[in-house]
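Numbering (our numbering), first residue to last: 30 to 335.
Note that CB positions come from ideal geometry on N, CA and C, so glycine has one too.
Accompanying notes for the structure given below.
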Amino acid sequence: MDFQGGGLEGLLGALGGAAGGAGGLEAIWENPMVTSIAFHPSKAEPQFLDSTGAVRDGTFEMSDGTKISYRFYVPPDAAGVKAVIYFFHGNAEVCTALDDVAEMLHSCGAAVLSVDYRGYAWGTGQPSLKKLCPDAEQCFLQSESLLQAAGVGEAKRVMLGRSIGATCAVHLAAKQARRVHGLIVDSGLMSIKQIPTVSMLAPMVFQGQTEKFAMLPEPFDTLGKLPSVGCPVLVMHGDKDEIVPYQQAVQCHEKLATGSKKLQCWVGAGHNDCWALYFEAWKQEVKTLLEQAELKVWTTYLRLNC
Numbered sequence: 030m031d032f033q034g035g036g037l038e039g040l041l042g043a044l045g046g047a048a049g050g051a052g053g054l055e056a057i058w059e060n061p062m063v064t065s066i067a068f069h070p071s072k073a074e075p076q077f078l079d080s081t082g083a084v085r086d087g088t089f090e091m092s093d094g095t096k097i098s099y100r101f102y103v104p105p106d107a108a109g110v111k112a113v114i115y116f117f118h119g120n121a122e123v124c125t126a127l128d129d130v131a132e133m134l135h136s137c138g139a140a141v142l143s144v145d146y147r148g149y150a151w152g153t154g155q156p157s158l159k160k161l162c163p164d165a166e167q168c169f170l171q172s173e174s175l176l177q178a179a180g181v182g183e184a185k186r187v188m189l190g191r192s193i194g195a196t197c198a199v200h201l202a203a204k205q206a207r208r209v210h211g212l213i214v215d216s217g218l219m220s221i222k223q224i225p226t227v228s229m230l231a232p233m234v235f236q237g238q239t240e241k242f243a244m245l246p247e248p249f250d251t252l253g254k255l256p257s258v259g260c261p262v263l264v265m266h267g268d269k270d271e272i273v274p275y276q277q278a279v280q281c282h283e284k285l286a287t288g289s290k291k292l293q294c295w296v297g298a299g300h301n302d303c304w305a306l307y308f309e310a311w312k313q314e315v316k317t318l319l320e321q322a323e324l325k326v327w328t329t330y331l332r333l334n335c
């Protein structure tokens, strides 16, 4: 359902093989094998193109001509929408898979704009780690006319990133700080290099040259962007997450400079079952965040330890 752990040996093999190639260490993240492991795109056909109803499908066109698909869920009472949630999904999901969750978020007073990545659904191009965040920013800027046309242009903007989608959500909350009113990090990936299997196998791939792995830059620098986030933030993570360790949520919470932040631990939950185990509690946490985003008030640090 989400960020996949399988095939990481192949990813690390690509890292080792590409390390000495043209473009230096940073070029590793554009290696085709790395991309094929990091992303698991699914295709889907749009069903609501040119719609002005409750569900609207379309694409955002990037500066290089690539088209990124989206699905926009608009509540029946658009005038009552208090927030628009930009939803960035996991690497094995797709923008159309949010129907049930969108209905729940509608009950919290939010419209939902579910945004894909390159090569997903009816979008074009190939997935790219290095283009993930710049693409998200272009989608965000282009979405203004979409929101205005739906009658929700005055609503607060809230970013919600799940797993690898957290990189996009954090990026926008940091780079578009004056226009983003809330951030939700759901089982969020903060560091690819800190994924246990990657860090465990890297010394073997780099033949003991651990300094080479240490020099390898993160493709997103998500942790480095967190101090620039000034809006209310909700970080949620399962303490039994087998893919993105709970410690990454702790790091995320600690790196945030805003006083408006909360870390919610889902006891006993893994990477892909938080909703199944804690759906109602998850909903309440999101609802509270949306209320704080609307009021622009959240004065305390909250951390619920496992």
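Determine the closest residue to phenylalanine 117 out of Asp106, Ser98, Pro248, Lys111, with distance taken between C-alpha atoms.
-> Ser98
Going along the chain, which unbroken runs of the alpha helix (DSSP H) with 4 or more residues stay wholly within the region 250–302?
-> 251–254, 275–284
Measure the C-alpha to C-alpha separation of phenylalanine 101 and valine 63 and round it to an integer number of angstroms.
-> 30 Å
N- and C-terminal bounds of the alpha helix (DSSP H) containing lysine 96 = First-last for lysine 96: 96–102, but that is the beta strand (DSSP E), not the alpha helix (DSSP H).
What three-state label does DSSP hand alanine 121 in the structure shown?
-> coil
Taking tryptophan 341 and leucine 306 to be in contact with their CB atoms under 8 Å, please state how far apart those CB atoms are, rounded to whole angstroms.
-> The structure shown does not extend to residue 341, since the chain is modelled only from 30 to 335, so the question has no answer here.
Within 7 Å: the Cβ of glutamine 293 and any heavy atom of the ligand GDP?
-> Ligands displayed in this structure: none; no statement on the ligand GDP is therefore possible.
For alanine 198, the nearest candidate out of Val258, Ala140, Trp151 (CA to CA) | Val258
Between the region 168–184 and the region 268–287, are three or more C-beta pairs nearer than 8 Å?
-> no
Is DSSP giving phenylalanine 116 helix, strand or coil here?
-> strand
Simplified DSSP state of aspartate 215, which is helix, strand or coil | strand
Can you check DSSP and say which residues form a bridge with serine 172?
-> In the DSSP output, where bridge partners are listed per residue, serine 172 has none listed.
Start and end residues, alpha helix (DSSP H) containing serine 65 | 61–67
Buried versus exposed call for lysine 291 [16 or more other C-beta atoms within 10 Å across all chains shown] | buried
Does the beta-carbon distance from alanine 28 to leucine 212 come in below 8 Å?
-> Residue 28 lies beyond the range of the chain shown here (30 to 335); nothing can be said about it.
My guess is that glutamine 167 and serine 92 are in contact by the Cβ rule of under 8 Å, so how many angstroms apart are they, rounded?
-> 7 Å
Report the rounded CA-to-CA distance for serine 289 versus tryptophan 311, giving the unit in angstroms.
-> 18 Å
Pick from Gln277, Arg147, Arg208: whose alpha carbon is nearest that of proline 261?
-> Arg208
Please check the pair proline 112 and leucine 319, which I expect to be a contact at CB under 8 Å, by giving their CB distance rounded to whole angstroms.
-> It should be pointed out that residue 112 corresponds to alanine in this sequence rather than to proline. Right, their Cβ atoms sit about 5 Å apart.
Grab me the residues of alanine 51's own chain with a C-beta within less than 6 Å of its C-beta, minus the 5 sequence neighbours each way, in chain order.
-> Because the pLDDT at alanine 51 is just 44, under 50, the model does not fix this residue reliably, and the point stays unresolved.
Would valine 315 pass as a contact of valine 264 if the rule is Cβ separation under 8 Å?
-> no
Going by Cα to Cα distance, which pick from Thr95, Gly253, Ala278 is closest to leucine 218?
-> Ala278
Would you identify the three-state DSSP class for glutamate 55, choosing helix, strand or coil?
-> helix
Separation of glutamate 323 from tyrosine 146, as counted between CA atoms = 28 Å
Straight-line CA distance for proline 163 to proline 105?
-> 32 Å
Spatial neighbours of glycine 82 within its chain, please: CB distance less than 8 Å, with the 5 preceding and 5 following residues excluded, ordered by chain position.
-> Val103
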